[in-house]
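Q:
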Amino acid sequence: MPPPSTYRGRFAPSPTGPLHFGSLVAAVGSYLDARHHHGQWLVRIEDLDTPRCVPGAADNILRTLEAFGLHWDEAILCQSRRTAAYEATLQQLQAIGAAYPCACTRKEIADSALHGIEGPVYPGTCRNGLPADRDARAWRVRTNNQPTEFNDALQGHINQHLESEIGDFVVKRADGLFAYQLAVVMDDAFQNITHVVRGADLLHSTPRQIYLQRLLGYATPAYMHLPIAVNAQGEKLSKQTLAPAVTADDVIATLFAVLEFLRQQPPAELRQGSVEEVLGWAIKNWQLGKLKGCLQLPTPACRLS
Ligand code: GLU
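Residue numbers for the sequence shown follow our numbering, beginning at 92 and rising by one.
Below you can see the structure in the form of structure tokens.
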């Protein structure tokens, strides 16, 4: 009998298209880390940004996970059904003076802002109230310049000064949709997630998420950011960079490519084994020491075409 575990991990894809090699790495990495720790592994469909969602993509992703033997625990949570909860939390943030309405357009911000690590740093124009004759467009969270820090299991100590490096960030967008940063924090807390394993493209979002967790009185999970898969041009695999979809045609070869990308070394004879045998080996031998400090790695060439 495995020892009881409180570990609860998750994979949280956005259904903007089928899984590609990079998103499969996050799925497999979060799954193996959870199972290695005898934990639970949940899947959450992040279908919050409805204009970017593609009909049928969520089902396609779930079928692909199943084909790769990545079976999840519990019911799937869909963000599109959580709007009322997000709205209630926004009101709570507003009530404690942590969120405020903002009238600025993208262009106004771009014209007046300094450039930070993720685009323009909001200059705080609406912090102390909307200018006369202007209507609220988005809602932002008031940040400060105290260091927001955490220790990432692979990337080490991360420290951000949110106010100067990011600026007051959007929690409800001008198009009325809730922002990823708010939804992810609320859903990780709602699902009692203890360990977040995901791609390093989200490393710089984590301080915003920790900042929100503190404002809302939520626990902070442990974080581990895996290297992202990049193409020959050094671009992250994505729909925009035309990354090919992962197919269920050659599951074992693809699983081996993912494991090798993550610097796991399954024995060659397992290439003749079943998906369950490969995953079983990987759960038992999961060890990420070789990836310390690694933010990106080239995608194996065979997975790019
Ligand atoms: N939905 C996000 C994505 O597909 C991942 C969010 C997360 O893991 O926190 O990039």
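All C-beta atoms, glycine included, are put in the ideal place defined by N, C-alpha and C.
1. Helix, strand or coil: how does DSSP classify Ile200 here?
2. Please confirm if the stretch 235 to 252 is in contact with the stretch 313 to 321, defined as three or more CB-CB distances below 8 Å between the two stretches.
3. Leaving out five residues before and five after Lys327 in sequence, what residues of the same chain have Cβ atoms less than 7 Å from its Cβ?
4. Would you mind reading off the limits of the alpha helix (DSSP H) that contains Arg154?
5. Among the residues of its own chain, which have a CB less than 7 Å from the CB of Lys263, if the five just before and after it don't count?
6. Report, in whole angstroms, the separation of the C-beta atoms of Gln300 and Val275, which I expect to be a contact under 8 Å.
7. Threshold first: 3 residues or longer. Then list the beta strand (DSSP E) segments lying entirely within the stretch 300 to 372, N to C.
8. Find out if the Cβ-Cβ distance for the pair Leu161, Ala103 is shorter than 8 Å.
9. With DSSP run on the structure shown, which of helix, strand or coil describes Asn283?
10. Identify the continuous alpha helix (DSSP H) that holds Arg126 and give its terminal residues.
11. Can you tell me which of the three DSSP states Pro211 falls into?
12. Rounded to whole angstroms, what's the CA-CA distance from Leu353 to Ile187? Just pull it up for me.
13. Sorry if obvious, but does the Cβ on Pro298 come closer than 7 Å to a heavy atom of ligand 1?
14. Among the residues of its own chain, which have a CB less than 8 Å from the CB of Ala176, if the five just before and after it don't count?
15. Thinking C-beta only, is Ile167 closer than 8 Å to Ile136?
16. Please classify Leu333 as buried or exposed, where buried requires at least 16 neighbouring CB atoms within 10 angstroms.
17. Give the DSSP-derived three-state secondary structure of Lys383 in the structure shown.
18. Measuring CB to CB, does Asn283 end up less than 8 Å from Arg99?
19. With distance defined between alpha-carbon atoms, name the residue in Thr234, Asp124 and Ala323 nearest to Leu184.
20. Smallest Cα separation from Leu153: which of Gln170, Pro95, Leu115 and Asp140?
21. Candidates Asp259, Pro192 and Gln131: which alpha carbon is nearest Val288's?
22. Please tell me whether, using a cut-off of 7 Å, the distance from the CB of Pro397 to the nearest non-hydrogen atom of ligand 1 is below it.
23. Have a look at the DSSP bridge pairing and note the partners of His206.
A: Taking the definition as stated:
1. Position 109 of the sequence shown holds residue 200. Residue state, collapsed to three classes: helix.
2. yes
3. Position 236 of the sequence shown, counted from the start, is the residue given in the question as residue 327. Excluding sequence neighbours, Lys327 sits near Gly113, Asp292, Ile319 and Val321.
4. For the purposes of this step, residue 154 is taken as the residue at position 63 of the sequence shown. Its alpha helix (DSSP H) spans residues Ala148 to Ala158.
5. To locate residue 263, count along the sequence shown from 1; it is residue 172. Cβ within range, chain order: Leu181, Ala229, Trp230, Phe269 and Ala270.
6. Residue 300 sits at position 209 when you count from the first residue of the sequence shown. Residue 275 sits at position 184 when you count from the first residue of the sequence shown. Contact holds; Cβ gap of about 6 Å.
7. 313 to 317 and 319 to 321
8. Stepping through the sequence shown from its first residue, residue 161 is reached at position 70. Stepping through the sequence shown from its first residue, residue 103 is reached at position 12. Contact: no.
9. By one-based count along the sequence shown, residue 283 stands at place 192. In the three-state scheme derived from DSSP, where H, G and I count as helix and E and B as strand, Asn283 is classed as coil.
10. Locating residue 126 in the sequence shown gives position 35, counting from the first residue. Its alpha helix (DSSP H) spans residues Phe112 to His127.
11. Looking up residue 211 in the sequence shown gives position 120. Residue state for Pro211 is assigned as strand, using DSSP reduced to three classes.
12. Position 262 of the sequence shown holds residue 353. Position 96 of the sequence shown holds residue 187. Approximately 43 Å, taken between the alpha carbons.
13. Start at 1 with the first residue of the sequence shown, and residue 298 comes out as number 207. Answer for Pro298: no, Cβ out of range of ligand 1.
14. One-based indexing of the sequence shown puts residue 176 at position 85. Counting only Cβ-Cβ distances below 8 Å, and skipping sequence neighbours, we find Met277 and Phe281.
15. Taking the sequence shown and counting its residues from 1, the one referred to as residue 136 is at position 45. Taking the sequence shown and counting its residues from 1, the one referred to as residue 167 is at position 76. In this structure, Ile167 lies closer than 8 Å to Ile136 by Cβ.
16. In the sequence shown, the residue the question calls residue 333 occupies position 242. That one is exposed.
17. Counting from 1 along the sequence shown, the entry for residue 383 is found at position 292. Residue state, collapsed to three classes: coil.
18. Position 192 of the sequence shown, counted from the first residue, corresponds to residue 283. Position 8 of the sequence shown, counted from the first residue, corresponds to residue 99. Yes, Cβ-Cβ distance for Asn283 and Arg99 is below 8 Å.
19. To locate residue 184, count along the sequence shown from 1; it is residue 93. Residue Thr234 is the option with its Cα nearest to Leu184.
20. Within the sequence shown, the letter at position 62 stands for residue 153. The closest CA to that of Leu153, considering only Gln170, Pro95, Leu115 and Asp140, is found on Leu115.
21. As a working note, residue 288 is residue 197 in the sequence shown. The residue with the shortest Cα to Cα distance from Val288 is Gln131.
22. Look at the range of the chain in this structure, 92 to 396, and you will see that residue 397 is not part of it.
23. Counting from 1 along the sequence shown, the entry for residue 206 is found at position 115. Pro211.
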